[in-house]
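With the UniProt record's numbering, letter number 26 in the sequence shown gets 26, and the count goes up by one each step, no holes.
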Amino acid sequence: MTQRRSPPPKRRRVSRPRPLLGFSPFARCVLLSRVASASASASKPPPRTPPSSSSSTPHRREPKEEGIGNPKPLKPTKRIESSSDDEDDEEEEEQELETVQADFGFFDPKPGDFHGAKLLLQSYLDNEPWDLSGFVDLVLNQTTVGTVVRLDGYDDDNEGDGDNGSSGGDDDEDLYGVVTALNLKRYAEHKCIKELKKFLLGVCRDENTKKKLKLLLEEQASQVGLLVSQRFVNCPYQLVPPLYDALFDEVSWATEDEPTQELRDSFRFKSYLLISRIYERDPNKPKGKRSVNQDEPVIYIKAEDEIFHELSTWSFTFPVHAEQLVPDDLKNYRQMGLVLVVKADDVPKFRDKLKSLVAAES
């Protein structure tokens, strides 16, 4: 078995939780309300309080060999002020966002993460019936490139060595995020990838864009990475830059460290294909009196998607039909699927922009 180079420690401390500040003030307000109320379909209940969380003082723990990332406890309470650009003396409310102290760790994917990953990816292709289980298996079986985020440190004695993918039942339910990049050519014969390609071609309505998409999915597939990034909305946003750093670093290492030339070449991506969600302003619905920044044409659910969108060579949107809980602040918006393509050469720009965004709001 070829030894992979030793990556820099991926266990990172998470700074004090603050509002997720995207480029849109309205997006900030919406995401905060979603975290506070946990009413959106993507949210998870707050993590269970670990035994050490009775103190508000952050505590350090030594990194484990097989873990990825240095966990940082979340501080207990943060008061968030709702904001408005209208300055019309409408009511200004303060919400108290309760958080608990918890450790989040980055880990290599393993079969024991199956149910947690499937929950994260259940609406990846809207409500399309497809081989989701097979897709989750692809994500979890590719361990050299890919990371899962889960609560860490509740039962260190039961973690084991991770070889058999079963370090206790809590791992699965404590999964909060997953990120990976799958070569479309390498997995082309898998049922789930065939169905994914068919779905994308079916929801793309513009003929010129469909030609580009078809070329990407077929002739250029060997150089295209399907970038899968799903996480629950209450996953700390401070984890996002190191999560993408881990992904793109692993892609780079895989081009040198994989055991065969074929596998090494499968990670030499020239483009990344992303499938995500946004909220678009619905022109058929009137503006509400109490809505904030109703002129924002697009709300990005994940802050990094706006950076990806800005850097994309082409993109398209499609209507989402899956049943969804819509926050009151988004009643004049409609959720849309977003498909975009980013050149691999633009990844360094993405990483710099993402770090600058998070640093500015930390």
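Note that CB positions come from ideal geometry on N, CA and C, so glycine has one too.
These figures come from a predicted structure and were not determined experimentally.
### Message
Quick test of the definition: if touching needs 3 or more C-beta pairs under 8 Å, does the segment 252-262 touch the segment 187-204?
### Response
no
#### Entry: Three or more C-beta pairs below 8 Å linking the segment 268-286 and the segment 295-302
yes
### Message
Let me check understanding here. Comparing Cα to Cα, which of Phe104, Leu354, His190, Lys210 lies closest to Ile307?
### Response
In the sequence shown, counting from the first residue as 1, residue 307 sits at position 307. The residue with the shortest Cα to Cα distance from Ile307 is Leu354.
### Message
Closer than 8 Å to a non-hydrogen atom of the ligand ADP - does that hold for the CB of Leu138?
### Response
With respect to small molecules bound, the structure shown includes none, and the ligand ADP cannot be examined in it.
### Message
Since Tyr176 and Phe104 should fall inside the 8 Å C-beta cutoff, what is the C-beta to C-beta distance between them, to a whole number of angstroms?
### Response
One-based indexing of the sequence shown puts residue 176 at position 176. One-based indexing of the sequence shown puts residue 104 at position 104. Yes, they are in contact, since the Cβ atoms of Tyr176 and Phe104 sit about 7 Å apart, within 8 Å.
### Task
Compute the Euclidean distance between the alpha carbons of Val233 and Arg150, then round it to the nearest angstrom.
Sequence index remark: in the sequence shown, residue 233 carries index 233 (1-based). Sequence index remark: in the sequence shown, residue 150 carries index 150 (1-based). Near 13 Å, if we compare the C-alpha coordinates of Arg150 and Val233.
#### Entry: Contacting residues, own chain, Cβ-Cβ under 8 Å from Lys118 (five flanking each side not counted)
Within the sequence shown, residue 118 is the residue found at index 118, counting from 1. Correct list, in chain order: Leu132, Ser133, Val136.
### Message
Applying the 10 Å Cβ sphere with the 16-neighbour rule, what's the burial state of Asn183?
### Response
To locate residue 183, count along the sequence shown from 1; it is residue 183. Classification for Asn183: buried.
### Message
Using C-beta distances below 6 Å, list every residue in its chain close to Glu256, excluding the 5 sequence neighbours before and after it, in chain order.
### Response
Numbered from its first residue, the sequence shown carries residue 256 at position 256. So no residue of the chain qualifies.
#### Entry: Inter-stretch contact (C-beta, 8 Å, three-pair minimum) for the segment 315-328 and the segment 123-132
yes
### Query
Between Asp265 and Arg334, is the Cβ-Cβ spacing less than 9 Å?
Here residue 265 refers to the residue found at position 265 when the sequence shown is read from its first residue. Here residue 334 refers to the residue found at position 334 when the sequence shown is read from its first residue. No, they are not a contact pair.
### Task
Pull up the CB-CB distance for Phe267 and Val178, whole angstroms please, since I reckon it's below 8 Å.
Taking the first residue of the sequence shown as position 1, residue 267 is located at position 267. Taking the first residue of the sequence shown as position 1, residue 178 is located at position 178. No, Phe267 and Val178 are not in contact; Cβ-Cβ is about 18 Å, not under 8 Å.
### Message
Which of the three DSSP states is assigned to Gly105 in this structure?
### Response
Taking the sequence shown and counting its residues from 1, the one referred to as residue 105 is at position 105. Three-state result, Gly105: strand.
### Query
Distance, Cα to Cα, Ser252 vs Asp245?
The residue labelled residue 252 in the question sits at position 252 within the sequence shown. The residue labelled residue 245 in the question sits at position 245 within the sequence shown. Distance between the alpha carbons of Ser252 and Asp245: 11 Å.
### Query
Would DSSP call Leu337 helix, strand or coil?
What you label residue 337 is simply residue 337 of the sequence shown in a count that begins at 1. Residue identity check: residue 337 is Gly in the sequence provided, not Leu. Residue state, collapsed to three classes: strand.
### Query
Any idea if Gln230 is buried or exposed, counting beta-carbon neighbours within 10 angstroms, 16 or more meaning buried?
Within the sequence shown, residue 230 is the residue found at index 230, counting from 1. Per the 10 Å Cβ criterion, buried.
### Message
According to DSSP, simplified to helix, strand and coil, what is Ala181?
### Response
Stepping through the sequence shown from its first residue, residue 181 is reached at position 181. Looking at Ala181 - three-state DSSP - the assignment turns out to be strand.
### Query
CB-CB under 8 Å to Val139, same chain, minus the five flanking residues each way: which ones, in chain order?
Here residue 139 refers to the residue found at position 139 of the sequence shown. Cβ neighbours of Val139 beyond the five flanking positions: Pro109, Ala117, Leu121, Gly146, Val178, Thr180, Leu182, Val228.
### Task
Enumerate in chain order the residues of its own chain whose CB-to-CB distance from Leu357 is below 6 Å, with the five nearest sequence positions on each side excluded.
In the sequence shown, the residue the question calls residue 357 occupies position 357. Excluding sequence neighbours, Leu357 sits near nothing in its chain.
### Task
Compute the distance between the beta-carbons of Lys212 and Val341, then report whether it is under 9 Å.
Start at 1 with the first residue of the sequence shown, and residue 212 comes out as number 212. Start at 1 with the first residue of the sequence shown, and residue 341 comes out as number 341. Yes. Within cutoff.
### Query
From what residue to what residue does the beta strand (DSSP E) around Trp314 run?
Working through the sequence shown from its first residue, we reach residue 314 at position 314. Trp314 -> beta strand (DSSP E) spans 314-319.
### Query
Along the chain, which unbroken stretches of the alpha helix (DSSP H) at least 4 residues long are found entirely within the segment 222-293?
240-257, 261-265
### Message
For Ile301, report the span of its beta strand (DSSP E) as first-last.
### Response
The residue labelled residue 301 in the question sits at position 301 within the sequence shown. Unbroken run through Ile301: none, as it is neither H nor E.
### Task
Work out the CA separation of Phe269 and Gln223 for me, nearest whole Å.
The residue given as residue 223 occupies position 223 in the sequence shown. The residue given as residue 269 occupies position 269 in the sequence shown. One C-alpha to the other measures close to 5 Å.
### Query
By Cβ distance, which residues of its chain are closer than 6 Å to Tyr272, with the 5 residues on each side in sequence left out?
On the sequence shown, position 272 is the one that residue 272 refers to. Only Gly225, Leu227, Val342 meet the Cβ criterion.
### Task
To the nearest angstrom, report how far apart Pro297 and Trp314 are at their CA atoms.
Numbered from 1 along the sequence shown, position 297 holds the residue referred to as residue 297. Numbered from 1 along the sequence shown, position 314 holds the residue referred to as residue 314. Each residue's alpha carbon lies about 18 Å from the other.
### Message
Would you say Leu226 lies against chain C (beta-carbon separation less than 9 Å)?
### Response
Checking the listed chains, one finds no chain C in this structure; it contains a single protein chain.
### Query
Beta carbon of Leu215, beta carbon of Val339: below 9 Å?
The count along the sequence shown starts at 1 and reaches residue 215 at position 215. The count along the sequence shown starts at 1 and reaches residue 339 at position 339. It is not a contact, given that the beta carbons lie outside the stated cut-off.
### Task
For Leu311, I'd like the list of residues in its chain whose CB is within less than 7 Å of its CB, leaving aside the five on either flank, ordered along the chain.
As a position in the sequence shown, residue 311 is number 311, starting the count at 1. Taken in chain order, the residues that qualify are Val342, Asp346, Lys349, Phe350.
### Query
Taking the alpha-carbon positions, what's the Lys197 to Ala102 distance?
Position 197 of the sequence shown, counted from the start, is the residue given in the question as residue 197. Position 102 of the sequence shown, counted from the start, is the residue given in the question as residue 102. So the alpha carbons of these two residues sit roughly 39 Å apart.
### Query
To the nearest angstrom, how far is it from the Cα of Ala254 to the Cα of Gln142?
Stepping through the sequence shown from its first residue, residue 254 is reached at position 254. Stepping through the sequence shown from its first residue, residue 142 is reached at position 142. The straight-line gap from Cα to Cα measures roughly 11 Å.
### Integer Cβ distance of Phe316 from Thr209, believed to fall under 8 Å
As a first step, residue 316 must be located in the sequence shown, where it is residue number 316. As a first step, residue 209 must be located in the sequence shown, where it is residue number 209. 5 Å between Cβ atoms; contact.
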